[in-house]
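Undergrad: Residue numbers for the sequence shown follow the working numbering, beginning at 1 and rising by one.
I have a structure I would like to understand better, so I am pasting it below and will then ask my questions one at a time.
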Amino acid sequence: MLIIRSLAFNVVFYLNLIVQMIGWSPYYFLSPRHRAWFVPKFWARTNLWLMEKMVGTKSEITGQENLPEGSFILAPKHQSFWDTFAFLPSLRDPLYILKRELTWIPIFGWYIMKMDMIPVNRGKRSVALKKAVIDTKREMAEHNRQLIIYPEGTRRAPGDEPLYKYGIVEIYAQLGLPVVPVAHVAGLWWPRRKFMRYPGTIKARFLKPIPAGLEREEFMRRLIAETEEACDALLVEAASLPGHPPLPPTAQKRLKELAQAGKGRDAAPAG
1 MLIIRSLAFN VVFYLNLIVQ MIGWSPYYFL SPRHRAWFVP KFWARTNLWL
51 MEKMVGTKSE ITGQENLPEG SFILAPKHQS FWDTFAFLPS LRDPLYILKR
101 ELTWIPIFGW YIMKMDMIPV NRGKRSVALK KAVIDTKREM AEHNRQLIIY
151 PEGTRRAPGD EPLYKYGIVE IYAQLGLPVV PVAHVAGLWW PRRKFMRYPG
201 TIKARFLKPI PAGLEREEFM RRLIAETEEA CDALLVEAAS LPGHPPLPPT
251 AQKRLKELAQ AGKGRDAAPA G
């Protein structure tokens, strides 16, 4: 039954994307950006609703009180497709730095460009980073937007060793804005590269902002330490629940490490 529900959700998820992009197009493209944001945020909310109703997976996002007013950088863990849309309703005017190839996709690319995202050529990393910083500075200064950056770049399995890229350090230093880390282990319920979706509750939290102006090394140390500590706590909590989703090897290994350190004695994986 879980396989059938997962397959059904995946089909409906992509149908929902296509139908909403086509159906909302007149309103979306004829509206100013601040009104057009209703469409992607509504789409995100319907995804969360569909996941709860079809698979039994709830989403609980807390810590909204930690989001600063105006411009800031949001730095979520990246484990799942879930974390690419789940935080949109919490932000006023989000901004992504993304690979330019996404803007070439019919309709989807037009939606991206409507929101004045920052496309970059990944083949020229240093040049792309400099241009992205310049373009982002302009957008943040003119419109007080919220920049979303995934510090590890690509999706990683829950419990995997952190692999933070230095790009966020440069952007943090250049923009001079606070950074809000986001902790979650959504990859347990919506695993990367798999079609299965598992029932339960995905918990995510906006952590307290890391202030602007820190030295690069201190910022990176705090970003990793605070994010990973919160993710570890969520992993331990998830693993202690009866009927928790399957734990990948990375999660099992991390739970054993935490148990040995006295931080998760009751969450050692069963079996």
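Where a beta carbon is used, it is the ideal one built from N, C-alpha and C, also for glycine.
What you are looking at is a predicted structure, and each value in this text was computed from that prediction instead of being measured.
Is Pro181 near Leu223, with beta carbons less than 8 Å apart?
TA: Closer than 8 Å, so yes.
Undergrad: Identify whether Thr201 lies in helix, strand or coil by the three-state DSSP scheme.
TA: In this structure, Thr201 counts as strand in the three-state DSSP scheme.
Undergrad: Would you kindly check if the distance between the Cβ of Ala186 and the Cβ of Ala204 is under 8 Å?
TA: Cβ atoms of Ala204 and Ala186: closer than 8 Å.
Undergrad: Quick check on DSSP: helix, strand or coil for Gly271?
TA: For Gly271, the predicted model reports a pLDDT of 34, less than 50, meaning its position is unreliable; a value from the coordinates is still stated below. The answer is coil: DSSP assigns Gly271 none of H, G, I, E or B.
Undergrad: Nearest to Tyr166 by alpha carbon, out of Phe29, Pro151, Thr57 and Met21?
TA: Answer by Cα proximity: Pro151.
Undergrad: With distances taken between CB atoms, is the gap from Ser59 to Ala36 smaller than 8 Å?
TA: Going by C-beta atoms, Ser59 is not nearer than 8 Å to Ala36.
Undergrad: Mind the definition here: the segment 39 to 56 touches the segment 12 to 19 only if three or more C-beta pairs lie below 8 Å; say whether that holds.
TA: Taking 8 Å as the limit for Cβ pairs, the verdict is that the segment 12 to 19 does touch the segment 39 to 56.
Undergrad: Starting from the Cα of Lys92, find the closest Cα among Met54, Thr57, Pro40 and Thr62 and give me that residue.
TA: It should be noted that the sequence gives Arg, not Lys, for residue 92. The shortest Cα separation from Arg92 among Met54, Thr57, Pro40 and Thr62 belongs to Pro40.
Undergrad: Using the rule of at least 16 other Cβ atoms within 10 Å of the residue's Cβ for burial, across every protein chain shown, is Ser71 buried or exposed?
TA: When all chains shown are included, Ser71 counts as buried.
Undergrad: Just how far apart, CA to CA, sit Gly56 and Arg197?
TA: Using only the alpha carbons, I get a separation of about 9 Å.
Undergrad: I need the DSSP call for Val12, collapsed to helix, strand or coil.
TA: Helix.
Undergrad: Compute the beta-carbon to beta-carbon distance between Asp232 and Leu258, rounded to the nearest angstrom, for a pair I have assumed lies under 8 Å.
TA: Correct: roughly 6 Å between the Cβ atoms.
Undergrad: Based on the DSSP secondary-structure assignment, which residues constitute the bridge partners of Glu60?
TA: DSSP, once it has assigned bridges, lists Lys203 as partnering Glu60.
Undergrad: Mind checking whether Arg156 and Ser80 have CB atoms under 8 Å apart?
TA: Contact flag unset, no.
Undergrad: Taking the alpha carbon of Leu207 as the point to measure from, which residue in Thr227, Arg45, Met220 and Ile171 has its own alpha carbon closest?
TA: Minimum Cα distance to Leu207 is reached at Thr227.
Undergrad: Quick check on Trp190: buried or exposed, where buried means 16 or more other Cβ atoms within 10 Å of its Cβ?
TA: Classification for Trp190: buried.
Undergrad: What first and last residue would you give for the beta strand (DSSP E) that runs through Asn72?
TA: In the sequence under discussion, the amino acid at residue 72 is Phe, which differs from the Asn named in the question. Unbroken beta strand (DSSP E) run through Phe72: Phe72 to Pro76.
Undergrad: Given this structure, state the Cα-to-Cα distance separating Leu2 from Glu170, to the nearest angstrom.
TA: Going from the Cα of Leu2 to the Cα of Glu170 covers about 44 Å.
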